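First the structure, in the form of structure tokens, and then the observations on it.
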Amino acid sequence: MNTAATPRALRLDAEAEASHLPALLARAEHLAGTVLLGEHGRRRAGMGDDFWQYRPVQIGDSRRMIDWRRSARSDAQFVREREWQVAQSVMLWVDASASMRFSSGAHLPEKSDRARLIALASAILLIKGGERVGLTGTGLPPRRGRAQVLRLSEQFCANTDVDYGAPEARAMIPHARALFVSDFLGDLDAVEAALTKAADRGVRGVLLQVLDPAEESFPFHGRTIFESAGKTLRYETLKASDLRDRYLEKLGERKDALRHLCAVSGWQFMTHHTDAPAQAALLWLHRALERSA
Amino acid sequence: MIGALGFTAPWLLLGLLALPILWIILRAVPPAPIRRIFPGVTLLLGLKDDEQVSDRTPWWLLLLRMLALAALIIGLAGPVLNPRNDEAGRGPLLIAMDASWASAADWPARIEMVERILSDAARADRTTALLNLSAPQQVIFQSANEVQSTLAGLRPAAWEPSSDAAAITAFLPDETFDTIWLSDELARDTRAALSAIFSSKGALRVIAAASETIAIAPARFEGGATIVEARRSVAGAARNVPVDVHGKDPSGAPRILARAEITMESGAKSALTELSLPSELRARVTHFALTGTRSAGAVTLSDDSLRRREVALIAGREDREGLELLSPLHYLRQALAPNADLLEGGLLDILPAAPDVVILADVATLAPAEDGALTEWVEDGGLLVRFAGPRLAASDVSRSEEDTLMPVRLRAGGRTVGGAMSWGTPKNLAPFTEDSPFFGLPLSRDVTVSSQVMAQPDPTLAARVIASLGDGTPLVTRKPLGEGQIVLFHVTANAEWSTLPLSGLFVSMLDRLAISSIVGAPSGDDLSGTTWQPVSVMDGFGRILDADALVGVAGDRLLSDALGPDLRPGLYEGKSRRIARNVIGAETELAQASWPAGTDIRLMQTRPETPLGGILLSLALALLMVDIVASLAMSGRLRGAIAGFGAMMLLGFPADAQDDAFALSASSELVLGHVITRNPEIDRTAEAGLRGLSQTLFFRTSIEPTDPIGVDLETDELAFFPLLYWPITPDQPTPSANAYAKLNDFLRSGGMILFDTRDADIARFGASSPNGRKLQALAEPLDIPPLEPLPEDHVITRTFYLLQDFPGRHTARDIWVEAAPKDAERVEGMPFRNLNDGVSPVVIGGNDWAAAWAMDARGNSIFPIGRGFAGERQRELAYRFGVNLVMHVLTGNYKSDQVHVPALLDRLGQ
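Heads up: the sequence lines are chains B and W, in that order. If you count the first sequence from 1, position 216 lands on 249 in our numbering, and the numbers rise without skipping. If you count the second sequence from 1, position 50 lands on 70 in our numbering, and the numbers rise without skipping.
What follows is the structure, given as structure tokens:
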């Protein structure tokens, strides 16, 4: 991304970039630590490592399935069932475009910062729960284990200069789950295409829209030129305060469109603001990903 | 030039024409936009602005900018208020100044005017000269700078310019010159002649004072009132002129004795006011001055003419009651009353009032005390006038040898001429000799003397006679005694012995003897041959200066000559009186000068020319500043600035907040205080002790104090605390005087200090332990009433708990409180005496209560007290003492009043 001319500059940039990594990771771990894992497992017998229950042998059970140690303590024969454990694959996509690097005030985090924090924290939670987590696209296929967290956080440190990001929907594993985090202020068609593609593959998941409070309240006055973060779009108004109602209307329309899109494709949608605590969003995400399973 | 406004570059004003064009241009240009990064711009893309009006600059902002621009253009055009437009001339320039007293009132303005003329002349390279018409000198034209250097010494004269035009003409050079005449605008005979001369030499311009000249006429005494008159040169608008009467107070210091106001009607040239001053006060008046006008004309000095002499009239026994015309004093009263203040009464009563003259009418013998006092008074300068009479003639006074208080010896009996039993006819008066004070008085033939006392011929007699009869017998004799003199009229003061008291001559003779004051100015003839020494003179500004170095003035010139350098206005002293020469005489009229037709007259410009360019440019700048703020507000960029400004404002007030915090914390709840001793250990203990006491109070009583506060006597306000606990250490600093003042206020307003020497009072009565001595030193400046050891029935023993011991860490019995009144008696049947109201301002003890009360944050005792259960009992009693003490502070003698409850219940019939 950075075209550093000399090795020295390259190293400096690399260190500067790398310095974000532990911080993001630590914060994400911290955030994930606030969620108590208690409801993992499928609560029914199935494939898995953990003991679930003993049941009498039924017709059709092979002899090999009999747990002889248990059966020896009584007259009947018992089969030892294990809890059904399915390792799900969760595919993440976090918008790294320029529009995410916006915050309206010095005390507010950038949208991308909040988006990555939430995504990484839920990834940590998922990995702790034994799921496999990866990125959509071909960059980082789902895997399990702590090393994957490190790889994820590394990937999250990358930014792109594109003005508005489009969801990456390639190489999605069928019937996996997905988490798309973005402000979804860009082209809605790309989102629709991605969700359609995901629905085709039986992938369900969550859209998390991260918005800055300024984008929600439009607190502007006077003659103003609004520019997109990449400066590709501009809009000039003479009386910004007059635009507020119509802007909010359009924002509502955009959310409704997203919500509708999710509804028809079996996804879930939520809007998160950067001035709200990240934990609430994380909890919701955790439950939502459980549900969508 | 528009009115009083002029422009140095008027063509620039054409720029104002461009303003409407600018209006249109500026109106079309919207305010500059602000750029914002905003990802939501995608949502905005389809939207359109509703109205197009707001893109224009609002009209008020436009108006602001127009005003700024207009101010800029006008400012650059160089506006000048009161511009001078003197056209420059050529050749020498003469500046003639009247420089009289009438110029003094606005003298600085005149000097400024001259400076302006001189600087103009210097710029035009003209030679100049200054001619002071009041003190003319040879005119020599010099460079303007030279003349300028002489201005500093120029003062207005206290007199008017010489009336001799020729004398002034002699000083003028032959060459031609222009003249600027700074006139005082008073009418004067020489004006026409001088203006003709100046006009013949070149252009003449007269610069006239804009204001009228006002002056004060000499005060006079008429009908019992002092009359002060103000006159002015122009019969102008109505105005009030305040007058100050200056004089000396009894200690001799100059001060203003009285104030009055003269109201001048519109169109009147003079007005007067009547002041009724007591004669004693009037005698001390030195001068009258118009307040607010600095000139010699506004001051008039008073002389003897205002003074009324005090004359004591004393007659012998008046046994002929009711016959007024025969009273020895009747004619004297008639003669003196208009011009003198008369005193009558006993001689010893009158002499302390220091009369100027004592007249004894037919008084023969005086008591020795009266004799001595009168002699002393005469020797100090008094004038004693005696009249003969039957009683004097019958007495032995001054018979064989001369009495001190008689000018001559008298022969026994006297004589009677022209009576039924005598030969001869009544005698007439002989003409007065030249050395007589009566010299020059006209004799009237109808004054006859029929009886008189006779002087014994003596070697000194001839010199003492100042009036005699036609046959040479003395009628009036006089002798000096000390600084005073004694005059004897050899006849009676009534018409019994002579017709003298009936004649006008009698009054004149009394006048000449300076018995009555001389009303009206003395004539020049009276003064001829005398020399008058100036005592004080006035300068042109009306300041009164000592005149030690000035030579005397001949009497005949004093009143008639015009004032000038050798006859200055002032107070002149002769032998027996003082005469004031004032700038304005009784007859002087002020009149406006009249100039020959065609004279170039201009008013003096007192308003200086003021360039207004700077003001207008500043205004333009200020308007542009406002425009910046307004533009920012318009484009929505002002919010950050306002927040920053607000933060700065908030930072401005930290100090007060601190005081307020102390006051709030000390007064929002009840708080006990302890005095900070600067010994950390003691202070900690005191705080912990009070905390323990506060906790105890909180749990056991309805007093619920918060945490105690350490009080710094120097800085903290004490009024918030009901009780101060003051542990004594030998080395604590003594409070400052201010702190003691605060402490005394605290004690007087019902506060209590608990002094704790913490030494168990082992030395008894706090005498000789180090802490006790320190306590004595600390408490010395405090306002503490007499103390006594706490009596058994003191209210502290029962305000909450019933106590007889007041232990702390120690168990000494003695604590000291304000002593009960001496008359406190124990009423039969009552358990307690009826003791003093109020709260004992101090309680002094040494039991180290703080240690016993001390509690840490968890409520555990900090210090061990005593041993085992007995120790805990002692601590409990210490708490109870604390509770009782605070209750006493807060409820006063409430519990003392409880002793009346049985009686009250009885009365209610319960």
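No residue lacks a Cβ here, since even glycine has one placed at the ideal position from N, Cα and C. Quantities reported herein were computed from a predicted structural model and do not represent experimental measurements.
Is the Cβ-Cβ distance between residue i and residue j less than 8 Å?
i                 : j                 : result
Pro451 of chain W : Val437 of chain W : no
Pro176 of chain W : Ser120 of chain W : yes
Asp647 of chain W : Leu81 of chain W  : yes
Ile234 of chain W : Ala250 of chain W : yes
Ala333 of chain W : Leu349 of chain W : It should be pointed out that residue 333 of chain W corresponds to Leu in this sequence rather than to Ala. Result yes, Cβ atoms of Leu333 of chain W and Leu349 of chain W sit closer than 8 Å.
Pro410 of chain W : Asp382 of chain W : yes
Phe826 of chain W : Asn867 of chain W : yes
Leu743 of chain W : Val903 of chain W : no
Asp376 of chain W : Arg329 of chain W : yes
Phe820 of chain W : Met907 of chain W : yes
Ala229 of chain W : Asp209 of chain W : no
Glu516 of chain W : Leu346 of chain W : yes
Met624 of chain W : Met133 of chain W : yes
Pro861 of chain W : Ile804 of chain W : yes
Pro728 of chain W : Val691 of chain W : yes
Ala116 of chain W : Leu138 of chain W : no
Leu224 of chain W : Ser215 of chain W : yes
Pro427 of chain W : Ile506 of chain W : yes
Could you work out which residue in the options is closest to residue i when comparing CA atoms only?
i                 : options                                   : result
Thr619 of chain W : W:Leu89, W:Val649, W:Ala212 and W:Phe27   : W:Ala212
Ser916 of chain W : W:Ala335, W:Ala890, W:Glu281 and W:Ala840 : W:Ala840
Glu323 of chain B : B:Ile206, B:Lys283 and B:Gly163           : B:Gly163
Ala91 of chain W  : W:Pro811, W:Leu636, W:Ser722 and W:His830 : W:Leu636
Phe909 of chain W : W:Ala923, W:Val863, W:Tyr899 and W:Arg893 : Checking the sequence shown, residue 909 of chain W turns out to be Val, not Phe. Selected option, being the one with the closest Cα: W:Val863.
Glu269 of chain B : W:Met654, W:Arg56 and W:Glu205            : W:Arg56
Ile695 of chain W : W:Ala681, W:Arg720, W:Leu495 and W:Phe741 : The amino acid occupying residue 695 of chain W in the given sequence is Val; Ile does not appear at that position. The option with the nearest alpha carbon to Val695 of chain W is W:Phe741.
Phe308 of chain W : W:Leu352, W:Ala374, W:Tyr351 and W:Val261 : W:Val261
Leu89 of chain W  : W:Ala640, W:Gln752 and W:Lys289           : W:Ala640
Val239 of chain B : B:Arg115, B:Ala59, B:Ser136 and B:His293  : B:His293
Gly219 of chain B : B:Arg179, B:Glu187 and B:Leu291           : B:Leu291
In the DSSP output, which residue or residues are listed as bridge partners for residue i?
i                 : result
Ser163 of chain W : W:Thr147
Arg829 of chain W : Answer is none; Arg829 of chain W lacks a bridge partner.
Pro500 of chain W : W:Gln505
Tyr87 of chain B  : B:Arg113
Pro274 of chain W : W:Lys268
Val837 of chain W : W:Glu808
Asp361 of chain W : W:Glu330
Asp620 of chain W : W:Arg225
Asn260 of chain W : W:Thr283
Against chain C, does residue i count as a neighbour if the rule is that its beta carbon must be under 8 Å from one of theirs?
i                 : result
Lys230 of chain B : Annotation note: the requested chain C is absent from the structure, which comprises protein chains B and W.
Inset, instruction - Determine which residues of the stretch 118-137 of chain B have a Cβ less than 7 Å from any Cβ of chain W, and write them out in chain order. - result: Residues passing the 7 Å Cβ filter: Ser132 and Phe135.
Inset, instruction - Output the residue ranges of the alpha helix (DSSP H) runs that lie fully inside the stretch 428-483 of chain W and measure 4 residues or longer, sorted by chain position. - result: none
Legend entry - Interface positions of the stretch 632-647 of chain W facing chain B (Cβ-Cβ less than 7 Å), listed along the chain: none
Inset, instruction - Please list the residues of the stretch 254-265 of chain B that have a C-beta atom closer than 9 Å to any C-beta atom in chain W, keeping them in chain order. - result: His254, Gly255, Arg256, Thr257, Ile258, Phe259, Glu260, Ser261, Ala262 and Lys264
Inset, instruction - Report the residues of the stretch 154-181 of chain B with a CB closer than 9 Å to any CB of chain W, ordered along the chain. - result: none
Legend entry - chain B contacts from the stretch 76-96 of chain W (Cβ-Cβ distance under 8 Å): none
Legend entry - Minimum length 3: unbroken beta strand (DSSP E) runs contained in the stretch 53-137 of chain W: Correct list: 54-57, 99-101 and 113-117.
Inset, instruction - Pick out the complete beta strand (DSSP E) segments inside the stretch 749-787 of chain W, 3 residues or longer, and give them in chain order. - result: Look at the stretch 749-787 of chain W and you find these whole runs of beta strand (DSSP E), each 3 residues long or longer: 772-776.
Inset, instruction - Entirely within the stretch 123-193 of chain B and at least 4 residues each: give me those alpha helix (DSSP H) ranges in chain order. - result: 144-161 and 179-189
Inset, instruction - Check distances from the C-beta atoms of the stretch 52-64 of chain W to those of chain B and list, in chain order, the residues that come in under 7 Å. - result: Cβ contacts with chain B: Pro53, Ile54, Arg55, Arg56, Ile57, Phe58, Pro59, Gly60, Val61, Thr62, Leu63 and Leu64.
Inset, instruction - Please specify which runs of the beta strand (DSSP E), each continuous and at least 3 residues long, are wholly inside the stretch 254-302 of chain B, giving them in chain order. - result: 257-260 and 267-270
Legend entry - Where the stretch 273-304 of chain B meets chain W: residues whose CB sits under 7 Å from a CB there: Asp275, Leu276, Arg279, Tyr280, Lys283, Leu284 and Arg287
Inset, instruction - Name, going along the chain, the residues of the stretch 126-155 of chain W whose beta-carbon falls closer than 8 Å to a beta-carbon of chain B. - result: Of all residues in the stretch 126-155 of chain W, none has a Cβ within less than 8 Å of some Cβ in chain B.
Legend entry - Contact set between the stretch 83-113 of chain B and chain W, restricted to residues whose Cβ is under 8 Å from the partner: none
Inset, instruction - Report the residues of the stretch 236-248 of chain B with a CB closer than 7 Å to any CB of chain W, ordered along the chain. - result: Across the stretch 236-248 of chain B, CB contacts with chain W closer than 7 Å involve Glu248, in sequence order along the chain.
Inset, instruction - Could you run through the stretch 203-234 of chain B and flag, in chain order, every residue whose CB is less than 7 Å away from some CB of chain W? - result: Asp216, Leu218 and Gly219
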